[in-house]
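Numbering follows full-length UniProt numbering, with no gaps: position 208 of the sequence shown is 208. Glycine residues also receive a C-beta, built at the ideal position from the N, C-alpha and C atoms.
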Amino acid sequence: MANNQGRRRRFGSVRQLKSGRWQARYRDPNTGQLRSAEETYASKTDAEVALTHIEADITRGQWNDPDAGKVHFGEYATAWLKDRKLAARSRERHESVIRLHLLPTFGERPLSSITTAQVRAWRTKCLERTGEPTVVKAYQIMRAILNTAVDDELISRNRCRIKGADSYDVPERPVLTVAEVYAVSDSIAPRYRLLVLLAAFAGLRFGELASLRRRDVDTDNAALMVQRSQAEMQTGALFDKAPKSNAGVRPVAFPTELLPDVKRHLDAYAGAGRRDGHVFLGPQGGRLRRSNFRDDWISARKKAGITVDVHFHDLRHTGNTLAASGASLRELMTRMGHSTPSAALIYQHMVNGRDREIADRLGSMIRKERGDADS
């Protein structure tokens with residue numbers, strides 16, 4: 001078809017429809033079949049400009065089949081999740097976020113129809129009824145799904161383009177004093193006393209503590225071997241999982257001042273068996289569950305006179321903060337089981353002497369606060 005100067009276009013053609021609008025047509029680069037642009041245009045010039053853009057995309061290898069983007073978001077998200085290599089608990093959380101927060105809005109929409117404005121409106125509505133951490137997680141998952149759709153050439157660009165939507169400011173968590181840690185440990189049920197002390201002065205996570213076996217406790221050297229972490233599915237099923245990174249498997253020295261507590265606990269509360277018995281059990285002798293422990297924690301916290309909303313995980317933060325005095329970044333990261341994205345800080349096992357120094361510094365803080373109270 002001739003253009004405004006009477007010359008035929010070298011790529012595609014335009015024609016006016018009975019409605020008065022203009023249609024752009026071109027040869028599909030994959031099939032050679034004639035196809036029409038997805039939308040019509042108010043003027044011939046607009047249609048020709050659209051053809052110019054389509055030709056440029058084809059030349060640069062950036063053209064995507066518009067029909068491919070007609071796959072519904074829900075269908076694609078299901079396939080995307082199935083293809084991810086995720087731990088069981090992470091997969092369950094991803095599935096829950098997709099089902100509860102993404103599918104109600106986007107499930108039946110074709111991928112190519114999703115716009116940035118729609119994503120922004122969805123996010124605003126979510127923030128009105130859901131906590132920001134959950135909304136951020138949902139946005140991150142949606143962005144990852146659409147990134148894969150771009151890689152699969154189903155859409156040309158990712159419409160999750162909202163600045164700052166993938167993060168949020170985490171409030172500074174409280175740090176307890178040594179005296180407050182002991183106030184809580186003195187107030188909680190005796191079977192959980194050591195749980196509190198090791199969370200603070202060994203810096204272990206709840207799941208790591210719950211999965212400890214007798215064989216992981218070295219009373220001769222006042223050390224723990226962290227090799228696994230307990231996880232709980234939404235169904236209530238418990239299982240031990242491997243750490244997310246090599247840094248999660250680590251020896252951790254604890255203050256020798258805790259040895260009397262450790263030995264008393266192993267004698268009175270740990271599971272049967274010299275090696276495989278769990279160090280921490282629930283009141284009925286079953287595996288320790290976070291949900292069942294929560295009420296004991298809140299009660300002990302109140303009894304200890306701590307009025308701020310301290311979570312159990314804040315004990316780990318407390319230990320991290322106390323241990324930071326005099327420790328290098330690498331030493332602290334190794335002790336706490338943190339991995340790093342930097343290739344220069346690939347995980348190395350801590351030299352026992354340096355980790356012992358950190359534990360001994362914590363022990364000196366305990367002695368200063370407690371004196372001979374535990375001897």
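- When C-beta atoms of the stretch 199-213 are compared with those of the stretch 66-80, fewer than three pairs fall below 8 Å, so the two segments do not count as touching.
- Where Ala-323 is concerned, there is no enclosing beta strand (DSSP E), although the alpha helix (DSSP H) around it starts and stops at 313-323.
- Between Met-233 and Glu-92, the C-beta gap is smaller than 7 Å, which places the two residues in contact.
- Taking 8 Å as the upper bound for CB-CB distance, Ala-270 and Arg-214 are in contact here, some 6 Å apart.
- Pro-260 sits exposed, since fewer than 16 C-beta atoms from the chains shown fall within 10 Å of its C-beta.
- Taken in chain order, the unbroken stretches of beta strand (DSSP E) that lie wholly in the stretch 212-287 and span 3 residues or more are 223-226, 229-232, 238-241 and 250-253.
- For Asp-46 against Trp-22, the beta-carbon gap comes to about 7 Å, under 8 Å, which counts as contact.
- For the 7 Å CB-CB criterion, Ala-222 and Thr-256 form a contact.
- By the CB criterion at 7 Å, Phe-11 and Glu-55 fall inside the cutoff.
- Between the stretch 276-283 and the stretch 137-144 there are fewer than three inter-stretch CB-CB distances shorter than 8 Å, so the stretches are not counted as touching.
- Within the same chain, Cβ atoms closer than 7 Å to the Cβ of Ser-167 are found at Val-136, the five residues on either side in sequence being excluded.
- Rounded to whole angstroms, the Cβ separation of Val-252 and Leu-204 is 7 Å, and the two are in contact under 8 Å.
- Distance from the CA atom of Arg-27 to the CA atom of Gln-33, rounded to whole angstroms, is 5 Å.
- In the structure shown, Val-310 adopts coil according to DSSP, grouped into three states.
- Around the Cβ of Thr-318, a 10 Å sphere holds 16 or more other Cβ atoms; the residue is buried.
- Val-308 sits away from Pro-171, with the two beta carbons spaced by 7 Å or more.
- With a cutoff of 7 Å on beta-carbon distance, Arg-193 and Val-226 are scored as not near each other.
- Per DSSP, the continuous alpha helix (DSSP H) segment holding Trp-122 begins and ends at 116-129.
- For Val-150, the enclosing alpha helix (DSSP H) has its first and last residue at 132-151.
- By alpha-carbon distance to Leu-315, the top candidate from Leu-111, Ala-202 and Arg-274 is Ala-202.
- Between the alpha carbons of Ala-87 and Thr-219 lies a gap of roughly 33 Å.
- Taken through DSSP and simplified to helix, strand or coil, Leu-34 comes out as strand.
- Relative to Asp-83, the option among Val-178, Ile-145 and Arg-123 whose CA is nearest is Ile-145.
- Rounded to the nearest whole angstrom, the C-alpha separation of Glu-48 and Thr-40 is 11 Å.
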